[in-house]
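See structure below.
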Amino acid sequence: MTFEDIKKRLEKISKLMNLSEKEIEILLKFKRIIKKELEVDGKTYEAWRIVHNDSLGPGKGGIRFHPKVSEDEIKSLAFWMSLKTSLVELPFGGSKGGIRVDPKELTEKEIEKLSRIYIRNFHEVLGQDKDIPAPDVYTNQQIMGFMLDEFEKMEGRHEPGMITGKPFELGGCLLREDATSRGGEIILNLFLERMNKKPEETRVVIQGFGNAGMNVAKMLYEQGYSIIGVSDSKGGIYDEEGIDIEKMIKIKKEKGSVIYYSNAKISNKDLLELETDVLILAALENQITEKNANDVKAKYILELANGPVTSEGEEILQKKGIIVIPDILANAGGVIVSYCEWVNNRVGHIFSKKFMEEILKEKMHKAFHKTYELYEEQKTETFTMRDAAYIIAIKRILKAEKARGNI
Ligand code: NAD
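So that you can map any letter, position 205 of the sequence shown is 255 in this note's numbering, and since no number is skipped, the others follow by simple counting.
The following block contains the structure:
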């Protein structure tokens, strides 16, 4: 999704909220956009770190390594982080970073070098009180470990709170790895309760079988949901009788793709059009657009990825009566647990897993109920759950801006 697309969504929201020009200007403004060229062994890579709004606290947002990373994409992702942290009531703003690179073409050593060079280029704008990165697509715990190490070497002191999603020994937290999926699972269960639907009678299709997709598949499978389709960048598998997710995870880990599970293959395009109760989008942006929205047959869509449904795509889904549970709510689990990790690092304490699970649950429940209630209250032919989530998030950001005297 492009930032232009976000502007279109904001136009709708600003009418609903009756926002002033000044308020719209604040929401469209970026605090910091930095682009650098990183050089590793004679090759150069474009890289960004962008902070959208930091009125509620330091910027918070992941770092993505992907061949299609662009400034426009990072801006959109930073914008959504501002809304997400606001919706779940965290003391953070929104930011994002990325490197345009295909990590599959690099050796582990080259990935380490690139990660360290990224920090050398951006360390001045990062820090536990400035802007705090985390993992995103094709970055992981180990990369966060290299980044923290490089930052602390440059600063000459420890500051584990400058990055989250790092290895446990460096101040990471045990819950972070599957936190996004746990959050998504909580939201899906709460939503289906409202729809009077039980896990045993719910079919699920999942696009993307990485950190977010694989972990949510495992959780839902254990609860009795029937996962009938999954895919990754190489293709998908469809079995209307239900996929054995434990076996699938083993195959994905051993062979690198879900497609080696059986001969029941399906293309990613067809997977999105399967007859199912829930379609979970856990890969990348722009998967449901005006081109394929008409062919979607799912009843409900859970956006575990950021921006997988475009605004044109959503308009068509809305007309068809398909409810989209928006990304800023559905995938907020990761940043909530990142917040716990950041608090731990700042106070030199380690919360128990149980305590963090409670915080995750409480914040996800609160955000869901507030969003769903506003959605129910305002429901019209065009009012979506995303509209409700955006309104709640934007209100909090604007209150902070007002408290700072900016409005
Ligand atoms: P990941 O790199 O672990 O996994 C991405 C998965 O998507 C891989 O299985 C990949 O093969 C698959 N994929 C890529 N292109 C595809 C395509 N065209 N069709 C089908 N599958 C495709 O990344 P992740 O951390 O799981 O992130 C996935 C999404 O969730 C991203 O949008 C990310 O921003 C979002 N998200 C992740 C977290 C987190 O904590 N991991 C938090 C919030 C949001």
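Backbone N, C-alpha and C define an ideal beta-carbon position, used for all residues, glycine too.
Please classify HIS102 as buried or exposed, where buried requires at least 16 neighbouring CB atoms within 10 angstroms. buried
Return the CA-CA distance between GLN428 and TYR389, expressed in angstroms with no decimal places. 31 Å
In whole angstroms, what separates the C-alpha of THR189 from that of ILE83? 21 Å
Which partner residues does TYR288 have in the DSSP bridge list? GLY279
Take the Cβ of SER145 as the centre, count every other Cβ of all protein chains shown within 10 Å, and call the residue buried at 16 or more, exposed below. When all chains shown are included, SER145 counts as buried.
Where ILE330 and ASP345 are concerned, what is the direct C-alpha to C-alpha distance, given to the nearest angstrom? Roughly 16 Å separates the two Cα atoms.
Which term fits ASP55, buried or exposed, when burial requires 16 or more other beta carbons within 10 angstroms of its beta carbon? Around the Cβ of ASP55, a 10 Å sphere holds 16 or more other Cβ atoms; the residue is buried.
Does the ligand NAD have even one heavy atom less than 7 Å from the beta-carbon of GLY107? No, the ligand NAD has no heavy atom inside 7 Å of this Cβ.
Candidates ASN394, ILE441, LYS420, THR430: closest to LEU225 by CA position: ASN394
Would you kindly report the start and end of the unbroken alpha helix (DSSP H) that includes HIS116? For HIS116, there is no enclosing alpha helix (DSSP H); the residue is part of the beta strand (DSSP E) that begins and ends at 113-116.
Once DSSP output is grouped into helix, strand and coil, what is the label at TYR188? coil
Reduced DSSP secondary structure (H/G/I, E/B, other) of GLN428: helix
Does the beta-carbon of PRO117 have 16 or more other beta-carbons within 10 angstroms, so that it is buried, or is it exposed? Counting Cβ neighbours within 10 Å, PRO117 comes out exposed, since fewer than 16 surround it.
Suppose you measure from the CA of LEU106 to the CA of LEU140; what does that come to, to the nearest Å? Our two residues, LEU106 and LEU140, have alpha carbons roughly 8 Å apart in a direct line.
Determine the closest residue to LEU127 out of VAL397, ILE457, LYS370, ASN336, with distance taken between C-alpha atoms. ASN336
Sorted by chain position, which residues of the same chain lie with C-beta nearer than 6 Å to ALA343's C-beta, five sequence neighbours on each side aside? GLY363, ILE366, LEU367
Are three or more beta carbon pairs between the segment 73-92 and the segment 417-431 nearer than 8 Å? no
Which residues share a DSSP beta bridge with GLN178? DSSP, once it has assigned bridges, lists no residue as partnering GLN178.
Quick check: does the Cβ of VAL187 come within less than 7 Å of any heavy atom belonging to the ligand NAD? yes
Given that a residue counts as buried once 16 or more other Cβ atoms are within 10 Å of its Cβ, and exposed if not, what is ASN265? buried
Return yes when the Cβ of LEU354 is within less than 8 Å of the Cβ of THR157, no when it is not. Result no, Cβ atoms of THR157 and LEU354 do not sit closer than 8 Å.
Does the beta-carbon of PHE259, which I'm using as the reference point, lie nearer than 7 Å to any heavy atom of the ligand NAD? yes
Going by DSSP in three states, ILE444 sits in which element: helix, strand or coil? helix
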